[in-house]
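Working notes, beginning with the structure itself.
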Amino acid sequence: MSGRFHAAALMLLLLLAPFSGIVGADENEPARSCEILVDWDSEWSADDASNWSYKVLQRYVVEFDPVFVNGTSPSAVSVNVEHLRDGSVIGSQANASIIVAGGSIDVILADEPEFLDEVTIGVETSEASCSRRLQMTLWNQPTADHEITRETTWELDSEAEGGSSLFFEGRGWQKRSGTELTASELGNGSLILDLDTGSEQTYLSLELDRVWLNETYDGTELIRQDFEMHGTGSLLFDSTSGESNISIEANVYDAYILRSWENGIMTERLRLEANGQLTFDGGSNNSSTGGFGELSVFYFETWDENGIRRLSDRQIEAAMTLRVQSGDDSFSFELDEFKIRERWLDGIREEQMFKIKGSGEFGFVVREDQFHIVVNGTITDLHIEQSGGETVADTLHLDGHYSGDASGSFGITRHIEKSELEDNSEGEKFEVDVIRNEFWFNISATPIGPIGDDFNAEHNLTFEYTVPQTDWENRTIRYQYIEDNGTVEDEYPENSPIRQVAQRPESTSEISASGFREAGVVPDELVVGDVFPMGRAGIGGFVHVTGISLAIADGHEVEVAEWSIDSDGVGFNASGKVINEGILAGLLYEAERIFEIDLSNAEENITNVIRIAEHQTLERVLYPSVITAEGNTPPALTSLGFREGALFTEGGIAHLQAVVEDVDTDTIAVAV
Numbered sequence: 070m071s072g073r074f075h076a077a078a079l080m081l082l083l084l085l086a087p088f089s090g091i092v093g094a095d096e097n098e099p100a101r102s103c104e105i106l107v108d109w110d111s112e113w114s115a116d117d118a119s120n121w122s123y124k125v126l127q128r129y130v131v132e133f134d135p136v137f138v139n140g141t142s143p144s145a146v147s148v149n150v151e152h153l154r155d156g157s158v159i160g161s162q163a164n165a166s167i168i169v170a171g172g173s174i175d176v177i178l179a180d181e182p183e184f185l186d187e188v189t190i191g192v193e194t195s196e197a198s199c200s201r202r203l204q205m206t207l208w209n210q211p212t213a214d215h216e217i218t219r220e221t222t223w224e225l226d227s228e229a230e231g232g233s234s235l236f237f238e239g240r241g242w243q244k245r246s247g248t249e250l251t252a253s254e255l256g257n258g259s260l261i262l263d264l265d266t267g268s269e270q271t272y273l274s275l276e277l278d279r280v281w282l283n284e285t286y287d288g289t290e291l292i293r294q295d296f297e298m299h300g301t302g303s304l305l306f307d308s309t310s311g312e313s314n315i316s317i318e319a320n321v322y323d324a325y326i327l328r329s330w331e332n333g334i335m336t337e338r339l340r341l342e343a344n345g346q347l348t349f350d351g352g353s354n355n356s357s358t359g360g361f362g363e364l365s366v367f368y369f370e371t372w373d374e375n376g377i378r379r380l381s382d383r384q385i386e387a388a389m390t391l392r393v394q395s396g397d398d399s400f401s402f403e404l405d406e407f408k409i410r411e412r413w414l415d416g417i418r419e420e421q422m423f424k425i426k427g428s429g430e431f432g433f434v435v436r437e438d439q440f441h442i443v444v445n446g447t448i449t450d451l452h453i454e455q456s457g458g459e460t461v462a463d464t465l466h467l468d469g470h471y472s473g474d475a476s477g478s479f480g481i482t483r484h485i486e487k488s489e490l491e492d493n494s495e496g497e498k499f500e501v502d503v504i505r506n507e508f509w510f511n512i513s514a515t516p517i518g519p520i521g522d523d524f525n526a527e528h529n530l531t532f533e534y535t536v537p538q539t540d541w542e543n544r545t546i547r548y549q550y551i552e553d554n555g556t557v558e559d560e561y562p563e564n565s566p567i568r569q570v571a572q573r574p575e576s577t578s579e580i581s582a583s584g585f586r587e588a589g590v591v592p593d594e595l596v597v598g599d600v601f602p603m604g605r606a607g608i609g610g611f612v613h614v615t616g617i618s619l620a621i622a623d624g625h626e627v628e629v630a631e632w633s634i635d636s637d638g639v640g641f642n643a644s645g646k647v648i649n650e651g652i653l654a655g656l657l658y659e660a661e662r663i664f665e666i667d668l669s670n671a672e673e674n675i676t677n678v679i680r681i682a683e684h685q686t687l688e689r690v691l692y693p694s695v696i697t698a699e700g701n702t703p704p705a706l707t708s709l710g711f712r713e714g715a716l717f718t719e720g721g722i723a724h725l726q727a728v729v730e731d732v733d734t735d736t737i738a739v740a741v
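Position in the sequence shown (from 1) plus 69 gives the number in this note's numbering.
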């Protein structure tokens, strides 16, 4: 009996031994803990009227350590949620979605997070319990009153040939007072604009002595944004849009650029004032044709508002020299006036003027194998003028003579003789300028006999019936040729004139570098593993909190959260550190951003990627003097007594005086 008992006891010990080992192992494992992480997402949704809007999904995930394995999940889960807005409860566990699966717990609140919201989440399970309280702020805009300065550098580059660029280095200032936050950046830099419209090429290089960026917020709403630049530099301009090629090389002594946003309206202004050199058709001292001169006035101003060009003002004044070729020689002719002016305001062309006026003498030599001729002449009047979109003067009076192997005289007279009504080729009447155009070439003597078939006396008289509107095409509706024998021949060009309206200048935006910084509602204090969307309408990607460390902010030791953004193909990447404790929680300590915009055109084989890079660092904390509880020196009550030294009864009056020593000067009140 005892043998059988011992055998049974031994078998029981063998069966229980593995379970005893398991129990012992469980007792040695660390206790399971949990942590609540921000896991916000973004989505687009449409209402019943198919109006799409961008929303932030306020989701939190509860993760456990050690993690659950083999498909197990936390048990006996109890979740408490409180979502406060303006002191009122707008959400709780009753209207939150709670999902327990995959070894974690998802808590999805019904409402989007907003500035100054407070969210408290508590989780109880059989395995662990944890809680987290979050106060919502704006990225880089702490809720507490503060005043700080920062250093900023940023640059814009284009990969296109030539390309535009902008470099800025300066200091920023930010101040919150109540719900209003003002942020400014002031510094200097450089700007290069390389623009090519096909018919016009502009290269503007500026050294910026002032770059100013100012933003004002009321709560979460951006009220106003101003971006100003001022500087000096150089301008190269080439135009082939008309019959002549015009080139300008100018010294820009005043340049002003403004980009302002307020109440949903974007305003952009550009003003350039310069002087320098002007050429057309390749004119120079050594050229045979064209013109060149000193540019005394170059004024260019535009004003765009809400995508519409409200103001366009251009003015050029120069002392010009014209080059004229005749035979083997070229001669110069000085212009007394050369002016171009066009001003548009709110779609109305208020001013339009083009004027060339001059007079002078000229001389040149004609050399051929058989003869030698010296030519001299006088331009008594050259006057071409347009005003208000109509021709007001078209005059040329030239007289000359030549001598040598042949002698004689020549001349040109061209002027508006009168204005009248005239029929075009279709019989429609138009008001026209009747321009008398007469040319003569007389031969007085040829000592060596006939020179050639091309050297003959000539006389031409033509009347041109031309509409005065300079914006129209095919303006001459009739040519009348008068022969020396009195014969008259008329020519009526078809499709003449073609009516056209002067086109209002279009709005263009050359500098649009704002709006690439991350922005949005965020928790004020972060933990590693938090993820939330950033940017306007989801453009900025997601912020991932990757680490916690210590840093020195203007002599204050603070905890900072390290973060990074990868926008997943959008072209925006950023990283940095944000203060993660105290009343400045949410303020950027450091940030590095790179934003790329691909403007390439595969069909036209054009590669152009705009790259914006920026670096920001916190420089000074001007207010408050204490930014964390650890950095605060507690006030001390050094004495308490009556100012009069004693308190007397029977109607006596005395003052109780407390003396408080507070090196941080942040005592709010003293209660006795």
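Every residue gets a Cβ at the ideal spot worked out from N, C-alpha and C, and that includes glycine.
Around GLU594, the same chain offers ASN649, GLU650, ALA654 as residues with beta carbons nearer than 7 Å, after the five sequence neighbours per side are excluded. Within 10 angstroms of the beta-carbon of PHE349 lie 16 or more other beta-carbons, which makes it buried. Sorting SER381, LEU126, PHE296 by C-alpha distance to the C-alpha of GLU254 places PHE296 at the top. One thing to note: VAL597 has its Cβ within 8 Å of the Cβ of VAL614. Judged by pairs of C-beta atoms under 8 Å, the stretch 474-482 does not touch the stretch 453-462, as fewer than three such pairs exist.
Taking GLY171 as reference, the option from VAL138, HIS441, GLU112 with the minimal CA-CA separation is VAL138.
The beta-bridge partner set that DSSP reports for TRP330 consists of GLN294, MET335. With respect to the 8 Å criterion, VAL729 and PRO704 are classified as neighbours on the basis of their beta carbons. SER234 has its alpha-carbon roughly 8 Å from the corresponding atom of SER259. In its chain, beyond the 5 residues on either side, TRP541 have a beta carbon closer than 7 Å to the beta carbon of ARG568. Across the set THR390, PHE407, ILE409, the C-alpha of THR390 shows the shortest separation from the C-alpha of SER401. Only exposed fits ILE334, as fewer than 16 other CB atoms lie within 10 angstroms of its CB.
Under the DSSP assignment, GLY429 falls in the beta strand (DSSP E) whose first and last residues are 417-436.
Cβ-Cβ distances below 8 Å link LEU364 to ILE317, ALA319, ALA343, ASN344, GLY345, GLN346, LEU347, ILE385, GLU386, ALA387 in the same chain, with the five nearest sequence neighbours on each side left out; the list follows chain order. The shortest C-alpha to C-alpha distance from ALA660 to any of VAL678, ALA630, LYS426, ASP117 is the one to ALA630. Rounded to whole angstroms, the gap between the alpha carbons of ALA163 and LYS646 is 36 Å.
The three-state reading of DSSP puts LEU653 in helix, counting H, G and I together. Shown here, ALA682 sits in a strand according to DSSP, grouped into three states. Residue state for MET205 is assigned as strand, using DSSP reduced to three classes. THR707 and GLN726 have their C-alpha atoms some 11 Å from each other. For THR447, the enclosing beta strand (DSSP E) covers residues 441-456. The beta carbon of TYR272 sits closer than 6 Å to those of ASP263, LEU305, all from its chain and outside the five residues before and after it, given in chain order. The shortest CA-to-CA distance from THR556 to any of ARG573, LEU530, THR577 is the one to LEU530. Ranked by Cα distance from SER161, the options GLU628, ASP415, THR189, SER274 are led by THR189. Assignment of GLU196 by DSSP, reduced to helix, strand and coil, places it in the coil class. PHE433 has its alpha-carbon roughly 43 Å from the corresponding atom of ARG418.
Straight-line measurement puts the Cα of ALA197 at about 12 Å from the Cα of PRO99. Counting the other Cβ atoms within 10 Å of the Cβ of GLN572 gives fewer than 16, which makes it exposed. Rounded to the nearest angstrom, the gap between the Cα atoms of SER195 and LEU126 is 28 Å. Ranking GLU403, THR371, GLU104 by CA distance to the CA of ARG392 puts GLU403 first. With a cutoff of 8 Å on beta-carbon distance, ILE663 and ASN642 are scored as near each other. With contacts defined as CB atoms closer than 8 Å, GLY267 and PHE237 fail to qualify as a contacting pair. A straight line joining the alpha-carbon of LEU153 with that of ARG338 spans about 44 Å.
The alpha carbon of SER381 has as its nearest neighbour, out of THR577, ILE722, GLY616, ILE168, the alpha carbon of THR577. Taken through DSSP and simplified to helix, strand or coil, HIS484 comes out as strand. In the displayed model, ARG544 falls within coil according to three-state DSSP, outside both helix and strand.
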